[in-house]
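Asker: Numbering (the UniProt record's numbering), first residue to last: 1 to 388.
All C-beta atoms, glycine included, are put in the ideal place defined by N, C-alpha and C.
Values in this document were obtained by computation on a predicted structure and should not be read as measured data.
There's a structure below that I have some questions on.
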Amino acid sequence: MDMRPDSPAAHKVTGFKADITTRAMALGFSSVGFTNLPQEWDAAQRLKAFIGAGYHGEMKWMEETLERRLHPQNMWNGAKSAIVLGFNYGPDSDPLLGLSERDLANISVYARGDDYHDVIKKKLKQLATDIVAAYGCELKVFVDTAPLMEKPLAQLAGLGWQGKHTNLVSREFGSWLFLGSILTDMELPQSLIERDHCGSCRACLDACPTDAFVGPYQLDARECLSYLTIEFRGHWPDRFRTAMGNRVYGCDDCLAACPWNKFAVAASEAKLKAREGFNALSLVELAQLDDAAFRALFSKSPIKRIGLATFLRNVHYAMGNSFDDLVDPDKIAALTRNLSHDSPVVRGSAVWALSRGLSAEDFGALRSQHLPQEDDPDVWSEWSRHVA
Ligand code: B12
Ligand code: SF4
Ligand code: SF4
């Protein structure tokens with residue numbers, strides 16, 4: 001495309017920025033920025049270091065797609081610029097309020113409504129269709145799941161900066177922006193790049209319940225509750241089980257600690273608002289879900305993606321943290337039933353929770369009943385290490 005300043009294409013492109021912003025806002029996006037694709041960027045070296053240190057844990061897909069992740073043009077050679085979009089999902093009340101309600105499940109803000117991948121992808125595709133119709137360019141749409149480093153790209157496009165908690169912070173929306181990107185073969189004028197406004201603050205680093213930050217701007221995902229509850233399928237080390245409290249899906253503590261949230265506003269997209277009751281789901285009721293009930297309750301929710309067994313594991317660990325002096329017989333009954341579940345991780349987590357809720361005598365009786373039939377070595381050792 002001829003991009004000299006007086007060429008028709010250049011006029012078209014200048015108009016494009018205003019036009020695309022208007023169209024994006026009409027679809028519900030909260031912020032829009034434009035960036036040329038850099039020749040080289042620090043993000044590539046940092047991603048390599050992150051993977052090299054093993055901080056991605058069991059997210060093998062990050063390793064397998066490393067080459068493509070390193071630069072947006074590795075995804076599409078013809079890409080010249082990116083349009084980066086932010087979508088506000090700000091909570092309508094204090095997101096950490098539910099953490100003291102130990103009998104209830106705390107679900108992170110991003111998962112209290114419909115799956116944002118579906119909501120945003122639909123809007124991005126609509127925007128892309130409009131752009132192609134108006135400008136005849138080529139483009140590709142990405143949200144979250146593609147091997148594209150969305151946070152550094154969003155920073156280049158002026159949407160905010162990567163804070164010490166590693167997420168993009170916006171001066172207008174605080175920590176609560178989902179990101180989506182469109183790569184295009186047009187060369188678009190660069191938006192003003194946002195600088196880092198963290199200063200000497202370290203509120204997010206200090207707020208982390210598992211101490212998952214290696215340092216400012218660096219997260220060891222293996223220690224992050226978001227990774228442990230959503231991405232990791234196995235049994236957890238004990239220290240994370242107790243630190244998780246009642247966070248059964250994702251975690252918001254570092255996001256919520258950010259002082260820039262004072263400018264945040266509640267999400268206006270109805271599909272992203274918390275569903276009725278999702279701020280107060282009972283752990284004991286969740287522990288009784290079977291596959292069909294799980295699918296029905298979390299239909300269209302991102303929670304459905306992790307499957308029943310992983311979800312029950314999280315619920316059991318939270319139940320293990322919920323016992324007080326008055327042991328609830330319904331809890332004990334639900335956990336005891338799940339000792340016969342098909343999934344070893346469900347059985348193992350039920351053993352751990354029961355070890356924290358039952359007297360040594362009652363736990364010992366259950367152990368004598370179940371241990372002889374247990375054929376999974378991890379569940380076996382879970383029983384064995386809680387000997388009275
Ligand atoms: C893998 C992943 C995760 C992993 C790893 C998180 C992480 N920080 O990387 C896990 C499962 C833990 C996770 C958790 C969450 N995620 Co996530 N995740 C991703 C994903 C798919 C890739 C991110 C990635 O490439 N990580 C690799 C590492 C290398 O990236 P990084 O931490 O950003 O590394 C940078 C910094 O460390 C920095 N850096 C390193 N050293 C230094 C030193 C200095 C001085 C400086 C300045 C910088 C610096 O440079 C690196 C490159 O930019 C993106 C979607 C995407 N395609 O980009 C979503 C994404 C980042 N996740 C998102 C969300 C919402 C979350 C959660 C909030 C969900 C929740 N409530 O539970 C948590 C937040 C946890 C946290 N504190 O990060 C959003 C974030 C939106 C935003 N405003 O930034 C994204 C962008 C998805 C989306 N499309 O909206 N996630
Ligand atoms: S999401 Fe939670 S566990 Fe993960 S880094 Fe932030 S505060 Fe720590
Ligand atoms: S809490 Fe402080 S250090 Fe963390 S991202 Fe926000 S401003 Fe930066």
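#1: For E382, is the classification buried or exposed, using 16 other Cβ atoms within 10 angstroms of its Cβ as the cut-off for buried?
#2: Just to confirm, is the Cβ distance from D102 to N246 under 8 Å?
#3: Is the distance from the Cβ of L183 to the Cβ of A26 below 8 Å?
#4: I20 and V32: beta carbons closer than 8 Å?
#5: Should Q373 go down as buried or exposed, given a rule of 16 or more other Cβ atoms within 10 Å for buried?
#6: How about L308 and A287: are their beta carbons less than 8 Å apart?
#7: Assuming F294 is part of the beta strand (DSSP E), what are its boundary residues?
#8: Using the Cα positions of D94 and A256, report the straight-line distance between them to the nearest angstrom.
#9: What is the rounded straight-line gap between the Cα of G163 and the Cα of H197?
#10: Count the other CB atoms within 10 Å of the CB of V132; is the residue buried (16 or more) or exposed (fewer)?
#11: In the DSSP assignment, what are the bridge partners of W76?
#12: Apart from the five residues on each side of it in sequence, which residues of its chain come closer than 6 Å, Cβ to Cβ, to W380?
#13: Quick one: Cα of M75 to Cα of L148, how far?
#14: Could you tell me whether the Cβ atoms of A293 and H316 are closer together than 8 Å?
#15: Compute every distance between the C-beta of G90 and the non-hydrogen atoms of ligand 3, then say whether any falls below 7 Å.
#16: Which first and last residues belong to the alpha helix (DSSP H) in which T145 is found?
#17: Using the Cα positions of E223 and S200, report the straight-line distance between them to the nearest angstrom.
#18: Out of curiosity, what's the CA-to-CA distance linking F323 and P344?
#19: So within the stretch 47–105, which uninterrupted beta strand (DSSP E) runs reach at least 3 residues, ignoring any that extend past its ends?
#20: Name the DSSP beta bridge partners of S170, please?
#21: From the DSSP secondary-structure annotation, give me the bridge partner or partners of G215.
#22: Name the two residues that bound the continuous alpha helix (DSSP H) containing N261.
#23: Measure the CB-CB distance between R356 and G320 and report whether it falls below 8 Å.
#24: How many whole angstroms separate the CB atoms of P302 and A111, which I take to be in contact at a CB cut-off of 8 Å?
#25: Is DSSP giving W380 helix, strand or coil here?
#26: Do three or more CB pairs link the stretch 230–243 to the stretch 47–64 at distances below 8 Å?
#27: Would you say the beta carbon of V143 comes nearer than 7 Å to a heavy atom of ligand 1?
#28: Helix, strand or coil for N338, going by three-state DSSP, please let me know.
#29: Measure the alpha-carbon distance for W176 versus D42 and round it to whole angstroms.
#30: Counting along the chain, where does the beta strand (DSSP E) carrying S31 start and finish?
#31: Should L97 go down as buried or exposed, given a rule of 16 or more other Cβ atoms within 10 Å for buried?
#32: Is C258 close to ligand 2? I mean its beta-carbon at under 7 Å from any heavy atom of the ligand.
#33: Could you check where the alpha helix (DSSP H) with V132 kicks off and where it finishes?
#34: Looking at the secondary structure, which residues open and close the alpha helix (DSSP H) in which V327 lies?
Answerer: On the basis of the coordinates in this document:
#1: By the 10 Å Cβ count, E382 comes out buried.
#2: This sequence places Arg at residue 102; Asp is not what is there. Result yes, Cβ atoms of R102 and N246 sit closer than 8 Å.
#3: For L183 and A26, no; Cβs fall outside 8 Å.
#4: Yes.
#5: When all chains shown are included, Q373 counts as exposed.
#6: When the beta-carbon positions are compared, L308 and A287 stay at least 8 Å from each other.
#7: Where F294 is concerned, there is no enclosing beta strand (DSSP E), although the alpha helix (DSSP H) it sits in stretches over D291 to L297.
#8: Spanning the two alpha carbons is a distance of roughly 8 Å.
#9: Their Cα atoms are separated by approximately 8 Å.
#10: Around the beta carbon of V132, a 10 Å sphere encloses fewer than 16 other beta carbons of the protein chains shown; the residue is thus reported as exposed.
#11: Paired residues: none, contrary to the question.
#12: Contacts found: E374.
#13: Taking the straight line from one Cα to the other gives about 8 Å.
#14: Not closer than 8 Å, so no.
#15: When distances are taken from the beta-carbon of G90 to the heavy atoms of ligand 3, even the shortest one reaches 7 Å or more.
#16: Unbroken run through T145: none, as it is neither H nor E.
#17: E223 and S200: Cα-Cα distance of roughly 24 Å.
#18: Taking the straight line joining both Cα atoms gives about 23 Å.
#19: Entirely contained in the stretch 47–105, the beta strand (DSSP E) runs reaching 3 residues are, in chain order, 81–88.
#20: In DSSP, S170 forms a bridge with G174.
#21: DSSP lists Q218 as partners of G215.
#22: First-last for N261: undefined, no H or E at that position.
#23: Remark: C-beta atoms of R356 and G320 approach each other more closely than 8 Å.
#24: Contact flag correct, Cβ pair sits at about 5 Å.
#25: Collapsing the DSSP output to three states places W380 in a helix.
#26: Result yes; three or more Cβ-Cβ pairs closer than 8 Å.
#27: Relative to ligand 1, the beta carbon of V143 is positioned inside 7 Å of a heavy atom.
#28: In the structure shown, the three-state DSSP call for N338 is helix.
#29: W176 and D42 have their C-alpha atoms spaced approximately 24 Å apart.
#30: Judged by DSSP secondary structure, S31 falls within the beta strand (DSSP E) whose first and last residues are S31 to N36.
#31: A residue is called buried when at least 16 other Cβ atoms come within 10 angstroms of its Cβ; L97 does not meet this threshold and is exposed.
#32: Checking every heavy atom of ligand 2 against the Cβ of C258, none is found closer than 7 Å.
#33: Where V132 is concerned, the enclosing alpha helix (DSSP H) starts and stops at Y116 to Y135.
#34: If you look at V327, you'll find it isn't in any alpha helix (DSSP H); DSSP assigns it neither H nor E.
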